[in-house]
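**Student:** Chains as they are written, first to last, in my numbering: chain P, 19 to 417; chain E, 325 to 591.
1. Do we get a CB-CB distance below 8 Å when we pair residue 254(P) with the residues of chain E?
2. Where does residue 252(P) land, buried or exposed, given buried means 16+ other C-beta within 10 angstroms?
3. Going by beta carbon distance, what residues of the same chain come within less than 7 Å of residue 596(E), once the five residues before and after it are set aside?
4. Apart from the five residues on each side of it in sequence, which residues of its chain come closer than 7 Å, Cβ to Cβ, to residue 347(E)?
5. Take the Cβ of residue 295(E) as the centre, count every other Cβ of all protein chains shown within 10 Å, and call the residue buried at 16 or more, exposed below.
6. Please confirm whether residue 476(E) has its beta-carbon closer than 8 Å to some beta-carbon of chain P.
7. Spatial neighbours of residue 60(P) within its chain, please: CB distance less than 6 Å, with the 5 preceding and 5 following residues excluded, ordered by chain position.
8. Which runs of the beta strand (DSSP E) fall wholly inside the region 481-519 of chain E and span at least 3 residues, in chain order?
9. Which residues mark the beginning and the end of the alpha helix (DSSP H) in which residue 140(P) is found?
10. Going by C-alpha distance, which of 512(E), 542(E), 357(E), 568(E) is nearest residue 369(E)?
11. Using a C-beta to C-beta distance shorter than 7 Å, which residues of chain E count as neighbours of residue 307(P)?
12. Cutting at 6 Å between CB atoms, please list the residues of its own chain near residue 361(E), excluding the five before and the five after it.
13. Listed in chain order, which residues of the region 265-287 of chain P have Cβ atoms closer than 9 Å to some Cβ of chain E?
14. Buried or exposed: which applies to residue 476(E), given that a residue is buried once 16 or more other Cβ atoms fall within 10 Å of its Cβ?
15. So the alpha helix (DSSP H) residue 423(E) belongs to, where does it begin and stop?
16. How would you list, in chain order, the residues of chain E whose beta-carbon sits under 8 Å from the beta-carbon of residue 207(P)?
17. As an exercise, report each continuous beta strand (DSSP E) stretch of at least 3 residues that is fully enclosed by the region 191-276 of chain P, in chain order.
18. Measure how close the beta-carbons of residue 346(P) and residue 369(P) come, nearest whole angstrom, since I'm counting them as under 8 Å.
19. Any C-beta of chain E within less than 8 Å: which residues of the region 393-414 of chain P qualify?
20. Taking the C-alpha atoms as reference points, what is the distance between residue 329(P) and residue 515(E)?
21. Could you tell me whether any Cβ in chain C is nearer than 8 Å to the Cβ of residue 292(P)?
22. Which first and last residues belong to the alpha helix (DSSP H) in which residue 359(P) is found?
23. Reducing DSSP to helix, strand and coil, say where residue 347(E) ends up.
24. Assign residue 413(P) to buried or exposed, taking buried as 16 or more other Cβ atoms, counted over all protein chains shown, within 10 Å of its Cβ.
25. Would residue 467(E) count as contacting chain P if we go by Cβ distances under 8 Å?
26. What residues from chain E crowd round residue 58(P), counting only those whose CB sits closer than 8 Å?
27. Output the distance between the C-alpha atoms of residue 167(P) and residue 432(E), rounded to the nearest integer angstrom.
28. How big is the Cα-Cα spacing for residue 338(E) and residue 344(P)?
29. So which residues of chain P does residue 455(E) contact, with C-beta pairs closer than 7 Å?
30. Determine, for residue 499(E), whether the minimum Cβ-Cβ distance to residues of chain P falls below 8 Å.
31. For residue 259(P) and residue 484(E), I'd like the C-alpha separation in whole angstroms.
32. Helix, strand or coil for residue 404(E), going by three-state DSSP, please let me know.
33. On the three-state DSSP scale, how would you describe residue 22(P)?
34. Can you list the beta strand (DSSP E) stretches of 3 or more residues lying completely in the region 46-76 of chain P, in chain order?
35. Cα separation between residue 238(P) and residue 366(E)?
36. Suppose you measure from the CA of residue 319(P) to the CA of residue 298(P); what does that come to, to the nearest Å?
Below, the structure written as structure tokens:
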């Protein structure tokens, strides 16, 4: 049975739904009446635009599998690398605290690693009421199996209603595994999380289609409601060192012998600032013209203490490694400042950076699409403008 | 090696526009492509087959037109393709999708490696790969940038994974599941012979009934844990760009520095 129901008597054949469907599932038949194909995902976008309310999504009977009342509390995972907490975890703490307060419940942190007790204490300062601390040498470096097994065991034992994780590569790797093992819902890369006051459900908002549309998602019948959030989407809270909380030690679930994967080496990324963490990114595109063209870009980034990014055009041309690519097939970034040099602003590139706080565009083409999303623009040759900026900031920052 | 590649047909997002009056999405036509990351997955499968011999089977869950995506994989050189298509599979979130794909993989039988793209262009969750690995009880290695070694005697695979801080080198036992990123390879163009073979091939379609042993309550909308309740266009970035104009580059730079340091207070 198709997901969408079309009232053929009401339908006027205006075609508004056909144009709106993000999946191309609607069309008009020989009688000029709307028909829906199997591509329909039940998103409901068409229902909003139908002027005669001819479209509906019928209610489906749900088998209540889970006693939802048993699940309480908001949890977040604290990601660590080499014994230091990744700041994304504290952003989760801040949002988690907000959600817990809205629900009138507690906030719990899950800290896994080796010799990471100080991180557990930090979690309390950042807002957790309780921390589950699992320490073992086998947990020092992230691996999917032991981390997922441990979190699944903790969730089954303590039953949180909400569990959020940072959407770093590890976070996404881990969340996908944990959610499937728990047979629960997971929404990736949320840009908004809030509690519906009536239903007490977690409303998860995220972009789709390269950020051209936004969707709000619920996980009504399974628990915990899981979500991942990218770095720098939510604010970093202020730690409060007077906060008290409970640290509960739990045991790892897998022994080293049982863990099938081994991390045998690590190669650090070149450059001092990682793209994912950067507050400031200076990015080069086709206008850079060649690998040497990135020199002024790097110099400006260095003066500003920022990272170097690139558009797909520059990466595909071999001027800079893929690790620097910003965009739909590269990284999505949320810096405070994004300076786009010689980047035209193709939709796929914008998808990776348009939520930056401030965007500056430098391009010789005044009609380049990048100027439509920029806050500031200079129409000019980046090889003149960028060095001038570097000099100016050197003066002002005393470098 | 028996390699299974999971692919998805996705809409071409550059066709996505917003109706200025209603503020809703307009899709010009129904242009659909093989998810770009999946092309890298297909290519990696083909390279492994070239090195070790064996077979590359491509599978996809989707509406009937997803067959085009499978044909493109055949044209690139994949040996076999299977389309999972049924109304019962529709409306699936990542939980239900990974269930359907893993049930199909169980039916296919023996495999050494499953390769998926990092994520799909439309949903961009990156969750189905890990979901399949979880359900099949095999190791998952995501964000794979390079396969360093496959040791068929020891039954292991060693890869370089991209993490924020750099690259990790990880070894896992086979069978395993990889999700791959761009630049792991350069996907080949379909060959003339490939295109001909694809055009002639009748690609089997598996429906819900063909997945005997599966619990149909776990397919499609019924098997989904998440539900989309609203779709809307994001608010556009406020305002227009202040285009800084000055007689000299140095002046322009000074004005911009002023804005960023004094007005925006970012630096």
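Yeah, the Cβ is synthetic: ideal placement off N, Cα and C, and Gly gets one too.
**Tutor:** Here's the rundown:
1. no
2. buried
3. Coverage of chain E is limited to positions 325 through 591, which leaves residue 596(E) absent and any answer about it impossible.
4. Residue confidence for residue 347(E) is low, a pLDDT of 47 falling below 50, so the modelled location carries little weight and cannot support an answer.
5. One cannot answer for residue 295(E) here, as it falls past the ends of chain E, which runs 325 to 591.
6. no
7. 21, 75
8. 490-497, 500-504
9. 135-143
10. 512(E)
11. Scanning chain E for C-beta atoms nearer than 7 Å to the C-beta of residue 307(P) yields nothing, as the closest lies near 18 Å away.
12. 441, 442
13. 278, 279, 280, 281, 282, 283, 284, 285, 286, 287
14. exposed
15. That run of the alpha helix (DSSP H) goes 418-432.
16. 448, 449
17. 210-213, 220-226, 231-236, 243-247, 264-267
18. 5 Å
19. 393, 394, 395, 396, 397, 398, 402, 403, 406, 407, 409, 410, 411, 414
20. 30 Å
21. This model lacks chain C altogether, as its protein chains are P and E.
22. Here residue 359(P) belongs to no alpha helix (DSSP H); instead the beta strand (DSSP E) covers 355-359.
23. Summary for residue 347(E): the model assigns pLDDT 47, below 50, so the residue's position carries little reliability, and this model does not support an answer.
24. exposed
25. Closer than 8 Å: yes.
26. 414, 415
27. 27 Å
28. Because residue 338(E) sits at a pLDDT of 48, beneath the cut-off of 50, its placement in the model cannot be relied upon, and the following sentence gives the value as read from the coordinates. So the two alpha carbons sit approximately 17 Å from each other.
29. The contact set of residue 455(E) on chain P, defined by CB atoms closer than 7 Å, consists of 194, 198 in chain order.
30. no
31. 39 Å
32. Three-state result, residue 404(E): strand.
33. coil
34. 52-54
35. 36 Å
36. 8 Å
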